[in-house]
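Residues -6 to 873 (our numbering) make up the sequence shown, in order.
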Amino acid sequence: MFTKLSIGKPLILILSVCLVLSCGKSEETKEPLHPKLEKLKLISGFKAEHIYSPGENEQGSWVGITFDDKGRMIATDQYGALYRLEIPAIGFEDLTPKVEKLMIGSEGEIGMGYAQGVLYAFNSLYVMVNHNPNDAFDKGTGLYRIQDTTGDDQYDKITLIKSLKGDPGEHGPHSMILSPDKQSIYIVVGNHIDVPEMDAYRLPRVWDEDNLFPVIKDPRGHANNRMSPGGWIAKIDPEGKNWELISAGFRNAYDIAFNDAGDLFTYDSDMEWDFGMPWYRPTRICHVTSGSEFGWRTGNQKWSPVYPDNLPATLNIGQGSPTNVMFGTGSNFPEKYRKALFAFDWSFGIIYAVFLEPSGATYSATAEEFISGSPLPLTDGAIGPDGAMYFMTGGRRLQSDVYRIYYDGDVDQKNTQTELPEENQIRRKLEEFHTGGPKAGAVDFLWPYLKHEDRFVQYAARIALEHQPVSEWQEKALNESDAKILTQSMIALSRHGDKYLQPKILGAMMSIDFKQLNTTDKVNLVRAIELSLFRQGMPSNNLRTELVNYLNPNFPANENNTDRLLSKVLVHLDAPEAVEKTLALLKTAKDDADFQKTFTSSSDLILRNPQYGLDIADMLANVPPAQQSYYATVLGNAKVGWTPEFREEYFKWIHGAFQYKGGRSYVGFIDRARKMALSHVSADKFDHYNELSGASLLTGSGNDLMVSTIQPQGPGKNWKVDEALALMDDLKGRDLVKGKGMYAATLCLSCHTMQGEGGIVGPDLTQLGTRFSPKDILESTIHPNAVISDQYAATIFYLADGSSVLGKLTNEDKEKYYISQNPFDPQTIREIPKKDVTSKKLSDISVMMPGLINRLNEVELKDLMAYLISGGNPSHEVYQ
């Protein structure tokens, strides 16, 4: 068990040294590393210990961690029980922990399967369950409190604090942390769970999609029915009686953490299928301020980080799958790392150390690779009572392990207090107006800050304004002469004011001299106009003409972000010259340097670590031109201003766009834009433009991808996991060209993408080797029904006539579900009227067929596995 906190590190070190000496060890005598430590790459001065393997003890795949008041670790199996561990202190030779499955009184095992978040606080264990219950024993999605009411060190009471509604799964409710004052709990929830009724809202509850961009939901069906505000963060009291919304607009942030100054941070995920699209946002560290909005919306509706009504990332990381975040507070690490934010990436197996520096009202950040390994599917972590970092791997039933990281050197425990700039203090003062209802004098106090140069101060001031009665500031806003203040107040008035105000709102904004604005103010102004048009509808003909005449002379502005906004607003207004001007930009636009960074931010890491299996040079050479893709989507919904010549130019560009390698939804997004544009052409020209735009590229069966010239020679066998795993001890030097042939011959290529090529039905396998062990890969291949990610699950639709339909839900509207039933022909869609459907549920049967590798002999199976672990790049070494 842990050494008590009061003992401190010096005694721990003395005990460790004594133990080493008593065992007769010296610096010259080095014990071989535990096999699972050999893959870890650590920062100099840090040491790692392997503590436990839940999977080897039939205890599942662990995803959540906390420590109780006695220093014991409590962990959650994603699909099973809760466990409590007493772990030997640092330096002990035998690190085997005492492990017990948590029980509840005489009722037996605690029914807390599918727990993704766990927190010990207030003499209780809080558990966040992410699951639709199958029977009375199961607990449904929601937040639970478990207590020991008898004092016998055994939990005996379960209280449901709040049920949560939506589509639970990997984008459901996640982690919890204590507030800095230790009086409250903060929770973070993914974008598939509805915001429940709350007692207070820091972000005013007036959210909407707020985007005039032609709507294209994810062509593969993900999150098609999830609307604003996306993932969210809330604050609750220990009993869960009072709920307050803090922030929203996330995709699937998994964890949150406070720094020593009391500022909150998270690590939000990207949508990797959108890679190469103009709305793609990489994984990113976000400074979560009071009332903040981060702009996630479904499909192509995600807001640009430059929009003034949401906040930008503190740091863009790149591609990955974010899980845990935590600060090094309380660790026995050097101060640099005690103050660092540690961000876990499940896909690439990396723990980043993010170093934050106060910058105005927010922070700037840099990151370094603190720990990495392959495979290392990181789930959760925490600083233990002994000052060490504990982390675990697992998730989706993957091989699960618990590790401990400690600093092997002297540490000065004095902390330098973070000094906050004046802007940070101003922001906090403004945030006081986000709570407690309207306040006298608030409008006069906050008004000057609406034009503050610091974006976070400006944002906090606008949210404070929105918490005051509109009647107190409406006329003040409409009569404002300062362009910055007017723009911010019109954003607020568009969100809260009546529709009849639109002529006054647009009239006030058109009084601004557009040409005198800097780039940021131009973006803010056009965004404010867009909000008015979205919220209050198309203006009258006279007002619409006046607005077109105001904007059109300023388009193009020859700045990418401004021109994106101007193009979609002018096309929405049916401006006569919008098509001609936007088409000219489509042919010549270049992505700016800042946007290009979203595609290259991971390149250094990947180039230094070839085991990640990405050919970065090939990837960057084939990235779609995002700025042009944006204009192509805008033009897809344009109705006026076309000539035959313009149509030819547009559809030829669409045809050429299919050559690029974007994310798995790239082709679908371009095709949806193509089909929108075709819906506006005359019937006698449809066939011509359909063929010109690349219809033949999309209607093939894909057999050219599925056929391999290298076929299995056999003899095959009915492979079992144990039999296959026995062949995997050494895969170095395998024939990866033949492995690629087996990949195609076993139909993997038909459904899975690797290195940008292949089918779109199943997960991308490019980073397979960085998160899956050979055992994990074999189990998923031989037993495909064991774990099915909700992103790839099929749905069963039960119909009123007693029949049922099984398929992948790709889209839905008010009247119909759109279903792809054939994994080898995903473009063929069946439409099911909603009135005919009595119920639906996710299927527990994978669309992947079992037995696909049974054609392979031992040599062929080893070649296939080596190819999979290499990430689909035969030039890369296989790391084992």
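The beta carbon of each residue, even a glycine, is placed where N, CA and C say it ideally should be. Please read all numbers here as calculations on a predicted model, not as lab measurements.
| query | Among Gly687, Gly649, Val633 and Pro705, which has the Cα closest to the Cα of Ser675? | reply | In the sequence shown, counting from the first residue as 1, residue 675 sits at position 682. Each of Gly687, Gly649, Val633 and Pro705 was checked against the Cα of Ser675, and the nearest Cα belongs to Val633.
| said: Let me make sure I understand the geometry here. Which of Gly629, Arg397, Arg65 and Lys332 has the alpha-carbon closest to that of Phe85? | reply: In the sequence shown, counting from the first residue as 1, residue 85 sits at position 92. For the options Gly629, Arg397, Arg65 and Lys332, the alpha carbon positioned closest to that of Phe85 is the one of Arg397.
| request: Would you give the residue range spanned by the beta strand (DSSP E) that Pro351 belongs to? | output: Position 358 of the sequence shown, counting from 1, holds the residue named residue 351. The continuous beta strand (DSSP E) containing Pro351 extends over residues Ile343 to Ser352.
| Limits of the unbroken alpha helix (DSSP H) element including Ala435 | On the sequence shown, position 442 is the one that residue 435 refers to. Residues Ala435 to Leu439.
| query | His565: buried (16+ other C-beta within 10 angstroms of its C-beta) or exposed? | reply | Along the sequence shown, one-based indexing puts residue 565 at 572. His565 sits buried, since 16 or more C-beta atoms from the chains shown fall within 10 Å of its C-beta.
| Is Thr142 helix, strand or coil by DSSP? | Sequence index remark: in the sequence shown, residue 142 carries index 149 (1-based). Residue state, collapsed to three classes: coil.
| request: Tell me His280's beta-bridge partners as DSSP assigns them. | output: As a first step, residue 280 is located in the sequence shown; it is residue number 287 there, counting from the start. Per DSSP, Phe258.
| field | Rounded separation between Tyr330 and Met382 - CA only | value | For the purposes of this step, residue 330 is taken as residue 337 along the sequence shown, with counting starting at 1. For the purposes of this step, residue 382 is taken as residue 389 along the sequence shown, with counting starting at 1. Those two C-alpha atoms are separated by around 11 Å.
| field | Spatial distance of Tyr605 from Lys432 (CA atoms) | value | Here residue 605 refers to the residue found at position 612 of the sequence shown. Here residue 432 refers to the residue found at position 439 of the sequence shown. With a pLDDT of 45 at Tyr605, under the threshold of 50, the modelled position of this residue cannot be trusted; read the value that follows with caution. Here the alpha carbons of Lys432 and Tyr605 stand approximately 54 Å from one another.
| field | Span separating the alpha-carbon of Met319 from that of His681 | value | Here residue 319 refers to the residue found at position 326 of the sequence shown. Here residue 681 refers to the residue found at position 688 of the sequence shown. Cα to Cα, Met319 sits roughly 57 Å from His681.
| said: Whole angstroms are fine: how far does the CA of Met96 sit from the CA of Asp491? | reply: Working through the sequence shown from its first residue, we reach residue 491 at position 498. Working through the sequence shown from its first residue, we reach residue 96 at position 103. Distance between the alpha carbons of Asp491 and Met96: 56 Å.
| task | Determine the contact status of Leu112 and Thr59, defining contact as a CB-CB distance below 7 Å. | result | In the sequence shown, the residue the question calls residue 112 occupies position 119. In the sequence shown, the residue the question calls residue 59 occupies position 66. Cβ distance < 7 Å, so Leu112 and Thr59 count as in contact.
| Unbroken alpha helix (DSSP H) run spanning Trp712, endpoints | In the sequence shown, counting from the first residue as 1, residue 712 sits at position 719. Secondary structure note for Trp712: it is in no alpha helix (DSSP H), with a DSSP letter that is neither H nor E.
| task | Please confirm whether Ala68 and Trp55 have their CB atoms less than 7 Å apart. | result | For the purposes of this step, residue 68 is taken as residue 75 along the sequence shown, with counting starting at 1. For the purposes of this step, residue 55 is taken as residue 62 along the sequence shown, with counting starting at 1. Between Ala68 and Trp55, the gap from beta carbon to beta carbon is short of 7 Å.
| task | With DSSP collapsed to three states, give me the class of Arg397. | result | What you label residue 397 is simply residue 404 of the sequence shown in a count that begins at 1. Correct three-state label for Arg397: strand.
| request: Would you please state the rounded distance, in angstroms, between the beta carbons of Leu369 and Gly233? I believe it to be under 8 Å. | output: Translated into positions along the sequence shown, residue 369 becomes position 376. Translated into positions along the sequence shown, residue 233 becomes position 240. A Cβ-Cβ separation of about 35 Å leaves Leu369 out of contact with Gly233 under the 8 Å criterion.
| 8 Å contact criterion, which Leu196 and Ser285 should meet: CB distance rounded | Residue mapping note: residue 196 aligns to position 203 of the sequence shown, counting from 1. Residue mapping note: residue 285 aligns to position 292 of the sequence shown, counting from 1. For Leu196 against Ser285, the beta-carbon gap comes to about 7 Å, under 8 Å, which counts as contact.
| query | Considering only C-alpha positions, which residue in the set Lys580, Pro569, Pro532 and Asp585 is nearest to Ala555? | reply | As a working mapping, residue 555 is identified with position 562 in the sequence shown. For the sequence presented, residue 555 should be read as Thr rather than Ala. Nearest of Lys580, Pro569, Pro532 and Asp585 to Thr555, Cα basis: Asp585.
| What is the DSSP secondary structure of Arg637, reduced to helix, strand or coil? | As a working note, residue 637 is residue 644 in the sequence shown. A small correction: the amino acid at residue 637 is Pro; Arg does not occupy that position in the sequence shown. It is helical.
| field | For Arg77, three-class secondary structure by DSSP | value | For the purposes of this step, residue 77 is taken as the residue at position 84 of the sequence shown. Assigned with DSSP and collapsed to three states, Arg77 falls in strand.
| query | For the alpha helix (DSSP H) that Lys497 lies in, which residues bound it at each end? | reply | By 1-based counting over the sequence shown, the position of residue 497 is 504. Gln495 to Met503 is the span of the alpha helix (DSSP H), which, as asked, contains Lys497.
| query | Out of curiosity, what's the CA-to-CA distance linking Arg420 and Gly353? | reply | In the sequence shown, residue 420 corresponds to position 427, counting from 1. In the sequence shown, residue 353 corresponds to position 360, counting from 1. Spanning the two alpha carbons is a distance of roughly 9 Å.
| query | Could you give the distance in angstroms between the alpha-carbon of Tyr860 and the alpha-carbon of Leu729? | reply | Taking the first residue of the sequence shown as 1, we reach residue 860 at position 867. Taking the first residue of the sequence shown as 1, we reach residue 729 at position 736. When rounded, the distance between both Cα atoms is 5 Å.
| request: May I ask whether a heavy atom of the ligand GDP can be found less than 6 Å away from the beta carbon of Arg667? | output: Questions concerning the ligand GDP fall outside what the structure shown contains, since it holds no ligand whatsoever.
| said: If we require 4 or more residues per run, which alpha helix (DSSP H) segments fall completely within the region 308 to 395? | reply: Counting whole runs of 4 or more residues, the region 308 to 395 contains the alpha helix (DSSP H) stretches 328 to 331.
| query | Does the separation of the CB atoms of Gln495 and Gln529 fall below 7 Å? | reply | In the sequence shown, counting from the first residue as 1, residue 495 sits at position 502. In the sequence shown, counting from the first residue as 1, residue 529 sits at position 536. In terms of Cβ geometry, Gln495 and Gln529 form a close pair [threshold 7 Å].
| query | Beta carbon of Leu439, beta carbon of Leu413: below 7 Å? | reply | For the purposes of this step, residue 439 is taken as the residue at position 446 of the sequence shown. For the purposes of this step, residue 413 is taken as the residue at position 420 of the sequence shown. The answer is no: Cβ separation not under 7 Å.
| said: Please tell me whether Gly288 and Gly242 are closer than 7 Å, where the distance is taken between their beta carbons. | reply: For the purposes of this step, residue 288 is identified with residue 295 of the sequence shown, where counting begins at 1. For the purposes of this step, residue 242 is identified with residue 249 of the sequence shown, where counting begins at 1. The Cβ-Cβ distance between Gly288 and Gly242 falls below 7 Å.
| task | Determine the extent of the beta strand (DSSP E) in which Asn804 is found, giving its start and end residues. | result | Translated into positions along the sequence shown, residue 804 becomes position 811. Looking at the DSSP string, the run of the beta strand (DSSP E) that includes Asn804 is Ser797 to Glu805.
| task | Give the C-beta separation of Gly269 and Leu802 to the nearest angstrom, bearing in mind that I take them to be a contact with Cβ-Cβ under 8 Å. | result | As a first step, residue 269 must be located in the sequence shown, where it is residue number 276. As a first step, residue 802 must be located in the sequence shown, where it is residue number 809. A Cβ-Cβ distance of about 24 Å is found for the pair Gly269 and Leu802, leaving them out of contact under the 8 Å criterion.
| Own chain residues within Cβ distance below 6 Å of Ser283, not counting five before or after | Position 290 of the sequence shown, counted from the start, is the residue given in the question as residue 283. Cβ neighbours of Ser283 beyond the five flanking positions: Arg195, Glu424 and His427.
| Are Asn123 and Pro161 touching if we call contact CB-CB under 7 Å? | Residue mapping note: residue 123 aligns to position 130 of the sequence shown, counting from 1. Residue mapping note: residue 161 aligns to position 168 of the sequence shown, counting from 1. Closer than 7 Å, so yes.
| Going by Cα to Cα distance, which pick from Ile484, Pro569 and Gly649 is closest to Lys580? | As a first step, residue 580 is located in the sequence shown; it is residue number 587 there, counting from the start. The residue with the shortest Cα to Cα distance from Lys580 is Gly649.
| Same chain only: Cβ atoms within 6 Å of Thr739, ignoring 5 sequence neighbours per side | By 1-based counting over the sequence shown, the position of residue 739 is 746. Hits under 6 Å: Leu845 and Ile846.
| query | If we call anything under 7 Å between Cβ atoms a contact, is Gln294 one with Asn204? | reply | In the sequence shown, the residue the question calls residue 294 occupies position 301. In the sequence shown, the residue the question calls residue 204 occupies position 211. The beta carbons of Gln294 and Asn204 sit closer together than 7 Å.
| Quick one: what does DSSP say Ser487 is sitting in, helix, strand or coil? | Counting from one through the sequence shown, the residue named residue 487 turns up at place 494. The answer is helix: DSSP assigns Ser487 an H, G or I state.
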